[in-house]
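Enquirer: When we follow our numbering, the leftmost residue of the sequence shown carries the number 2, and every step to the right adds one. Ideal Cβ placement from N, Cα and C applies to all residues, glycine included. In this text the structure is predicted, and so the values were computed from the model without any measurement. If you scroll down you'll find the structure; I have some questions about it.
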Amino acid sequence: MAVVAVSLKMYFDRARTLDYCREVAARVGPVVGPALGVEAVVLPDHLSLAAAAEALLPAGVVLGAQDLCAQDRGPYTGEVSGADLADLGVRVVEVGHAERRSLFGESDAVVAAKTTAAVRNRLVPLLCVGEPTPGPASEAADFCVAQLGSAVAELDPADTVWVAYEPVWAIGAPRPAPAEHVIEVCRALGRAVADRRDARVLYGGSAGPGLLTELWPAVDGVFLGGSPMRWTPWSRWCRKRPRSKPES
């Protein structure tokens, strides 16, 4: 099943976030689901999660969160527990985004602890990996597979993990990384999670409509995080993915 996931980051205020979620539910609800081969995921800010769940879940849109604490309970001022996210109906939680690593100093150890916390609370970690500077695809693949390995080292081999390949140098760029580069890296990531249940490999980093078809079947979907005003209508994304994933 193809995945189209969107992080709203902190672009909107709460009212606009909820308007966006209701618009997504209305537009996407009729074109997503197992029978149609598309899974839509929206990751709003934490304060909007409860209300967003009321808009998104009845339409079959998956609710995601943008971060979680590595600990479930305790003296962690300002943090959000994975247990509480799960209780709100969150199914997917983003971990290790380049902005968290650079702006908030999250190390590989912190990313690994958050990945473990997600799985512990029956959430699917959407683990972001990506090399910092342009270079050969083979080197990028080695870097990203190492990031992935570090993050999942404490997990059971069968635990579900989604991986978002987001080369840091392509985030916010005018165009995505070259398709052949993305395909080589994502194939390496796919091999690394091949034995995991329901694993997915997504591409982020200036993705646009039509890219999913170009990258298929090396990727299972796309992860969008640029300006939300560029993401509508979602039906353009849902129509542009192949109906089925051919044998590779």
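Could you pull out every residue in the same chain whose Cβ sits closer than 6 Å to the Cβ of residue 33, ignoring the five residues on either side in sequence?
Expert: The residue given as residue 33 occupies position 32 in the sequence shown. Answer for residue 33: 39, 41 and 61, listed in chain order.
Enquirer: Distance check for residue 216 and residue 86, CA to CA, integer angstroms please.
Expert: Counting from 1 along the sequence shown, the entry for residue 86 is found at position 85. Counting from 1 along the sequence shown, the entry for residue 216 is found at position 215. Using only the alpha carbons, I get a separation of about 32 Å.
Enquirer: Whose C-alpha, out of 200, 226 and 207, is nearest the C-alpha of residue 220?
Expert: In the sequence shown, residue 220 corresponds to position 219, counting from 1. Per the Cα distances, 200.
Enquirer: Classify residue 62 as helix, strand or coil using the three-state DSSP reduction.
Expert: Position 61 of the sequence shown, counted from the start, is the residue given in the question as residue 62. Coil at residue 62, not helix or strand.
Enquirer: Kindly give me the distance between the Cβ atoms of residue 131 and residue 95, rounded to whole angstroms, as I take these residues to be in contact under 8 Å.
Expert: By one-based count along the sequence shown, residue 131 stands at place 130. By one-based count along the sequence shown, residue 95 stands at place 94. Their Cβ separation, rounded to whole angstroms, is 13 Å, which puts residue 131 and residue 95 out of contact at 8 Å.
Enquirer: Once the 5 residues before and after residue 52 are set aside, which same chain residues still bring their CB inside 7 Å of it?
Expert: Working through the sequence shown from its first residue, we reach residue 52 at position 51. Same-chain partners within the cutoff: 19.
Enquirer: Where residue 147 and residue 184 are concerned, what is the direct C-alpha to C-alpha distance, given to the nearest angstrom?
Expert: In the sequence shown, counting from the first residue as 1, residue 147 sits at position 146. In the sequence shown, counting from the first residue as 1, residue 184 sits at position 183. Those two C-alpha atoms are separated by around 17 Å.
Enquirer: Helix, strand or coil for residue 204 per DSSP?
Expert: The count along the sequence shown starts at 1 and reaches residue 204 at position 203. Reduced to three states, the DSSP call for residue 204 is strand.
Enquirer: Assuming residue 129 and residue 99 make a contact with CB atoms under 8 Å, what is their CB distance in whole Å?
Expert: Reading the sequence shown from its first residue, position 128 is the one you call residue 129. Reading the sequence shown from its first residue, position 98 is the one you call residue 99. Going by Cβ atoms, the distance from residue 129 to residue 99 rounds to 7 Å, so yes, they are a contact pair.
Enquirer: Please check the pair residue 43 and residue 91, which I expect to be a contact at CB under 8 Å, by giving their CB distance rounded to whole angstroms.
Expert: The residue you call residue 43 lines up with position 42 of the sequence shown. The residue you call residue 91 lines up with position 90 of the sequence shown. No, residue 43 and residue 91 are not in contact; Cβ-Cβ is about 11 Å, not under 8 Å.
Enquirer: Could you have a look at residue 12 and say whether DSSP puts it in helix, strand or coil?
Expert: Here the question's residue 12 lines up with position 11 in the sequence shown. Note: residue 12 maps to coil in three-state DSSP.
Enquirer: Looking only at C-alpha atoms, which of 109, 81 and 78 sits nearest to residue 153?
Expert: Position 152 of the sequence shown holds residue 153. Ranking the options by Cα distance to residue 153, first place goes to 109.
Enquirer: Would you kindly work out how many angstroms separate the C-alpha atoms of residue 241 and residue 28, rounded to a whole number?
Expert: Position 240 of the sequence shown holds residue 241. Position 27 of the sequence shown holds residue 28. Legend: pLDDT at residue 241 = 46, less than 50; position of this residue unreliable, no value from coordinates given.
Enquirer: Kindly confirm or deny that the region 106-121 and the region 171-181 touch, where touching means at least three C-beta pairs closer than 8 Å.
Expert: No, they do not touch.
Enquirer: Using a 10 Å radius around the Cβ and a threshold of 16 neighbouring Cβ atoms, would you call residue 160 buried or exposed?
Expert: Taking the sequence shown and counting its residues from 1, the one referred to as residue 160 is at position 159. Buried, since its Cβ has 16 or more Cβ neighbours within 10 Å.
Enquirer: Report the residue ranges of all alpha helix (DSSP H) runs contained in full by the region 30-111; include only those spanning at least 4 residues, in chain order.
Expert: List check, alpha helix (DSSP H) in window: 50-57, 83-88 and 99-104.
Enquirer: Going by C-alpha to C-alpha distance, which of 144, 80, 202 and 119 sits closest to residue 4?
Expert: In the sequence shown, the residue the question calls residue 4 occupies position 3. Looking at the Cα atoms, 202 is the closest of the given residues.
Enquirer: Give the straight-line distance between the Cα atoms of residue 127 and residue 120, rounded to the nearest whole angstrom.
Expert: Walking along the sequence shown from the start, residue 127 turns up at place 126. Walking along the sequence shown from the start, residue 120 turns up at place 119. Near 11 Å, if we compare the C-alpha coordinates of residue 120 and residue 127.
Enquirer: With DSSP collapsed to three states, give me the class of residue 190.
Expert: Working through the sequence shown from its first residue, we reach residue 190 at position 189. Note: residue 190 maps to helix in three-state DSSP.
Enquirer: Which two residues bound the contiguous beta strand (DSSP E) that contains residue 125?
Expert: Position 124 of the sequence shown holds residue 125. 125-130 is the extent of the beta strand (DSSP E) around residue 125.
Enquirer: In chain order, what residues of the same chain have a beta carbon less than 7 Å from the beta carbon of residue 149, not counting five sequence neighbours either side?
Expert: Within the sequence shown, residue 149 is the residue found at index 148, counting from 1. 128, 130, 164, 190 and 193, listed in sequence order.
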